[in-house]
Every structure is written in C-alpha cells, then in structure tokens.
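Undergrad:
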Amino acid sequence: MHGMLENIKITQVLGNQTAATSSKGSSVLDMQGYQGVVFVTALSVGHASNNYMKAQQGTTSTTTGFADLLGTKIQSTAGALQLVLDVYRPRERFVRAVVIRDTSSVIYPMWAIRYSGRKMAIANSVAATLVAEVHVEPAEGTA
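Take the position in the sequence shown, starting the count at 1, then add 36; the result is the number in the working numbering.
So, in structure tokens, the structure goes:
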C-alpha cells in the first residue's frame, strides 16, 4: 500500500499573479499516463460575476488550437474564493486551466494534481517549489 503522494503528481502550473483584469492560463500539462487532473487555485475577489476558472484541451503542447471543455466553468462567489476543478479522462493529451478576471483580482498560485497514473511511486519534491514526504505507519514521537 502506498501513500497518496506516491500515486499523484503535484505541479505548480501558475505562479502568484498581481491584481488585474487580464486572463491567465496555466502551463500546459501532458496527461499521458494519467486519468485525470485537479486544478486548485484561489482569487482575492470572489464575488465578481465574471471571475472564474475553466479547463481547456488540445492535441499539442502549445496552446494553439486549445478548446474550452464543456461545463468546466467554475465561478467564485463572495464566500468561496478557492476554486477546485477536476477534469477526468480528457479526450486530448494536453490540458490547462484558464482564470478569467473581469473584476480586478489576485490569482494565488495554481496547482495541478494529476492522478490515476499508470506509473506509481511518483516523486513530488521540486526544489524551491514543493517539499513532499510520505510516512507509512509512523511511530509516536517528536515530529
């Protein structure tokens, strides 16, 4: 039995973005070997009627020809500034998320969690970005 971190791939796909009204797309993810991906981010202004995240897919690793995925628009609200979008079994190999900001808002770092991979024991620690550890049946004591 493996811990969850050995069965998923965590990637920062968009860094912190200053307040603006421009759209921002994440980096493109290659989904080969994975069944799905969860995008996680947060906005500083959530009650705006047109601040939202959506998913797109394409056949190449460039965003040329990327198309929106039906029904993936997830809108923030006054009480819900965090956005979590799960795309399971996209039809194309490459995917990304896009945040649309009609009202000026900060986009906090966006993370992508790819899951149901064919290859297990996935490394998730990335220098200066993410530190991840798995502990199996740890004994009690000083952390």
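All C-beta atoms in this analysis are idealised placements derived from N, C-alpha and C, irrespective of residue type, glycine included.
Can you look up L119 in the DSSP assignment and give me helix, strand or coil?
TA: As a first step, residue 119 is located in the sequence shown; it is residue number 83 there, counting from the start. Three-state DSSP puts L119 in a strand.
Undergrad: Over the uninterrupted beta strand (DSSP E) stretch that includes Y88, give me the two end residues.
TA: As a working mapping, residue 88 is identified with position 52 in the sequence shown. Segment 87–94, the beta strand (DSSP E) holding Y88.
Undergrad: Pick from A133, S80, I110, G107: whose alpha carbon is nearest that of T57?
TA: The residue labelled residue 57 in the question sits at position 21 within the sequence shown. Closest option to T57, Cα to Cα, is S80.
Undergrad: In chain order, what residues of the same chain lie with their CB nearer than 6 Å to the CB of M37, ignoring the 5 residues before and after it?
TA: Taking the sequence shown and counting its residues from 1, the one referred to as residue 37 is at position 1. Residue confidence is low: M37 scores 48 on pLDDT, short of 50, so the model does not pin down where it sits. No coordinate-derived value is stated.
Undergrad: Using only the alpha-carbon positions, how far apart do T98 and R127 sit?
TA: Counted from its first residue, the sequence shown places residue 98 at position 62. Counted from its first residue, the sequence shown places residue 127 at position 91. The alpha-carbon atoms of T98 and R127 are separated by roughly 16 Å.
Undergrad: Count the other CB atoms, across all protein chains shown, that sit within 10 Å of the CB of T108; report buried if there are 16 or more and exposed otherwise.
TA: Residue numbering aside, residue 108 sits at position 72 when the sequence shown is read from its first letter. Buried, because 16 or more other Cβ atoms sit within 10 Å of the Cβ of T108.
Undergrad: Can you tell me which of the three DSSP states M67 falls into?
TA: Along the sequence shown, read from residue 1 onward, the residue named residue 67 stands at position 31. The answer is coil: DSSP assigns M67 none of H, G, I, E or B.
Undergrad: Please name the residue, chosen from M89, S152, A116, G153, that lies closest to D104 on a Cα-to-Cα basis.
TA: In the sequence shown, residue 104 corresponds to position 68, counting from 1. Among M89, S152, A116, G153, the Cα nearest to that of D104 belongs to M89.
Undergrad: Measuring only the C-alpha atoms, how far is I110 from E173?
TA: Here residue 110 is taken as the residue at index 74 of the sequence shown, counted from 1. Here residue 173 is taken as the residue at index 137 of the sequence shown, counted from 1. If I take the Cα positions, the gap works out to 37 Å.
Undergrad: Would you call the segment 134–149 and the segment 40–49 in contact, with 3 or more CB pairs under 8 Å?
TA: Yes: the two stretches touch, three or more of their Cβ pairs being nearer than 8 Å.
Undergrad: Taking a contact to mean a Cβ-Cβ separation below 9 Å, would you say R154 touches G51 in this structure?
TA: As a position in the sequence shown, residue 154 is number 118, starting the count at 1. As a position in the sequence shown, residue 51 is number 15, starting the count at 1. Their beta carbons are not under 9 Å apart, which means R154 does not touch G51 by this criterion.
Undergrad: Quick one: what does DSSP say M37 is sitting in, helix, strand or coil?
TA: Numbered from 1 along the sequence shown, position 1 holds the residue referred to as residue 37. Reliability of the predicted coordinates at M37 is poor, the pLDDT of 48 falling under 50, and no value is obtained from them.
Undergrad: Just how far apart, CA to CA, sit D138 and V170?
TA: Residue numbering aside, residue 138 sits at position 102 when the sequence shown is read from its first letter. Residue numbering aside, residue 170 sits at position 134 when the sequence shown is read from its first letter. Cα-Cα distance, rounded: 40 Å.
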